[in-house]
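Student: Positions 2 to 251 (my numbering) are the ones given, in order, by the sequence shown.
Note that CB positions come from ideal geometry on N, CA and C, so glycine has one too.
Handing you a structure now.
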Amino acid sequence: RNGKDFDVYVWQPGADLAAPPPPKLVKELAGSWRVTDWSFDGTKLLVLHYLSIEHAEVFELTLATGDLRPIQADKAGKPAAYGTARYGEGGAIWVTTGVDAEFQRLVRIGADGASVAVTANINWKVEDFDVSLDGRKVAIHVNEDGWSRLYVLDGQSKPVLVQGLAEGVLSGMQWRPDGKALAVSLTAASTPGDVWVVSWDSDKKPATVARWTQTETGGLPPQVFSAPKLMHYPTFDMVGGKRRQIPCFV
């Protein structure tokens, strides 16, 4: 609005594209805000208020009234980093947050306010996630030593690693509307940005992984590209009496 404060508007295009209706102001806000998701019934939004790299806040915004309801991964409401937030099944809200952790984890906040860190056993940062349109499936992008790993929650909300993707870095993912396939964008040593699709014939069978695009490489044969080698070097701080190891690629 003024170079520093963000507001929330809702705009619905009309039938006459030459004279579209003006957007409707929902809420005037102070500071840096962004919308992260719509509710399934279209009456609410999840919005994130960014304060610093170590502190953000998530709210649920009711469109009809402009009321803001805080969404917190812990009942004490300790200041913490939040990455994004999305609606899930049964009134749940999924968030990435650094609450009570060294790095951001995926946390499910139930309709009763109880929270569970579903990636507590994965000791790496959750970069992003996507929820299927019916709210029943969640795909998780994890940064493991610089490589991207893709997990999908099973019926017991346990992350299951997807096998078959090339070693590389994910930059986006989206569920198919029926929730039976997931498209991801992957950059690797020999694939400078391609679409891969992970699909499931049933919940009881493992996923099928297929590369859908073949990005051109400027006339160079991809097989001559060298794959980076993952190495580690010690840093100054200690963990468990040993120097922390920092990953790097050479």
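Near Glu29, which residues of its chain fall below 6 Å by C-beta distance, leaving aside the five closest residues on each side in sequence?
Tutor: As a first step, residue 29 must be located in the sequence shown, where it is residue number 28. Same-chain partners within the cutoff: Asp8.
Student: On the criterion of 16 or more Cβ atoms from any shown chain inside 10 Å, does Ile247 qualify as buried, or is it exposed?
Tutor: For the purposes of this step, residue 247 is taken as the residue at position 246 of the sequence shown. Exposed, since its Cβ has fewer than 16 Cβ neighbours within 10 Å.
Student: Pull up the CB-CB distance for Thr188 and Val170, whole angstroms please, since I reckon it's below 8 Å.
Tutor: Here residue 188 corresponds to residue number 187 of the sequence shown, with the count starting at 1. Here residue 170 corresponds to residue number 169 of the sequence shown, with the count starting at 1. Their Cβ separation, rounded to whole angstroms, is 5 Å, which keeps Thr188 and Val170 in contact under 8 Å.
Student: Helix, strand or coil for Gly111, going by three-state DSSP, please let me know.
Tutor: Mapped onto the sequence shown, residue 111 falls at position 110. Three-state DSSP puts Gly111 in coil, outside helix and strand.
Student: How would you label Tyr10, buried or exposed, when you count the other beta carbons within 10 angstroms and need 16 or more for buried?
Tutor: Indexing the sequence shown from 1 puts residue 10 at position 9. Exposed, since its Cβ has fewer than 16 Cβ neighbours within 10 Å.
Student: Check each candidate in Asn122, Gly242, Arg2 and name the one with the smallest Cα separation from Ser33.
Tutor: Your numbering for residue 33 matches position 32 in the sequence shown. Of the candidates Asn122, Gly242, Arg2, the one whose C-alpha sits nearest the C-alpha of Ser33 is Arg2.
Student: Report all residues from its chain with a CB closer than 8 Å to the CB of Tyr234; omit the five preceding and five following residues, and keep chain order.
Tutor: Taking the sequence shown and counting its residues from 1, one reaches residue 234 at position 233. So the qualifying residues of the chain are Gln246, Ile247, Cys249.
Student: Please specify which runs of the beta strand (DSSP E), each continuous and at least 3 residues long, are wholly inside the stretch 29–82, giving them in chain order.
Tutor: 33–39, 45–53, 56–63, 69–72
Student: For Val248, which of helix, strand or coil comes out of DSSP?
Tutor: For this step, residue 248 is matched to residue 247 along the sequence shown. Rather than Val, the amino acid found at residue 248 in this sequence is Pro. The answer is strand: DSSP assigns Pro248 an E or B state.
Student: Anyone know if the C-beta pair for Trp176 and Leu221 falls short of 8 Å?
Tutor: Taking the first residue of the sequence shown as 1, we reach residue 176 at position 175. Taking the first residue of the sequence shown as 1, we reach residue 221 at position 220. No, the Cβ-Cβ distance between Trp176 and Leu221 is not below 8 Å.
Student: Select from Val59, Pro24, Gly89 the residue whose C-alpha is nearest the C-alpha of Gly78.
Tutor: To locate residue 78, count along the sequence shown from 1; it is residue 77. Per the Cα distances, Val59.
Student: Anyone know if the C-beta pair for Val251 and Pro223 falls short of 8 Å?
Tutor: Taking the first residue of the sequence shown as 1, we reach residue 251 at position 250. Taking the first residue of the sequence shown as 1, we reach residue 223 at position 222. No; because the gap between Cβ atoms is not below 8 Å, this pair is not in contact.
Student: If you drop the 5 nearest sequence neighbours on each side, which residues of the same chain put their C-beta closer than 8 Å to that of Phe41?
Tutor: As a working mapping, residue 41 is identified with position 40 in the sequence shown. Within the same chain, Phe41 has close Cβ partners Tyr88, Gly136.
Student: How is the beta strand (DSSP E) around Ile94 delimited, first residue to last?
Tutor: Locating residue 94 in the sequence shown gives position 93, counting from the first residue. Taken as a continuous stretch (DSSP letters only), the beta strand (DSSP E) holding Ile94 covers 94–98.
Student: Under 8 Å between the Cβ atoms of Lys206 and Gly180?
Tutor: For the purposes of this step, residue 206 is taken as the residue at position 205 of the sequence shown. For the purposes of this step, residue 180 is taken as the residue at position 179 of the sequence shown. No; because the gap between Cβ atoms is not below 8 Å, this pair is not in contact.
Student: Taking Thr37 as the reference, give the member of Thr44, Ala31, Leu49, Val163 with the closest Cα.
Tutor: As a position in the sequence shown, residue 37 is number 36, starting the count at 1. Nearest C-alpha to Thr37: Leu49.
Student: Rounded to a whole number of angstroms, what is the C-alpha to C-alpha distance between Gly165 and Arg106?
Tutor: Within the sequence shown, the letter at position 164 stands for residue 165. Within the sequence shown, the letter at position 105 stands for residue 106. Their backbone Cα atoms lie some 24 Å apart in a straight line.
Student: Report all residues from its chain with a CB closer than 6 Å to the CB of Thr63; omit the five preceding and five following residues, and keep chain order.
Tutor: Sequence index remark: in the sequence shown, residue 63 carries index 62 (1-based). Contacts found: Lys45.
Student: Compute the Euclidean distance between the alpha carbons of Pro14 and Glu145, then round it to the nearest angstrom.
Tutor: Walking along the sequence shown from the start, residue 14 turns up at place 13. Walking along the sequence shown from the start, residue 145 turns up at place 144. Their Cα atoms are separated by approximately 42 Å.
Student: With 16 other CB atoms within 10 Å as the buried threshold, where does Ile141 fall?
Tutor: Position 140 of the sequence shown holds residue 141. That one is buried.
Student: Would the beta-carbon of Lys76 fall within 8 Å of that of Gly111?
Tutor: On the sequence shown, position 75 is the one that residue 76 refers to. On the sequence shown, position 110 is the one that residue 111 refers to. Going by C-beta atoms, Lys76 is not nearer than 8 Å to Gly111.
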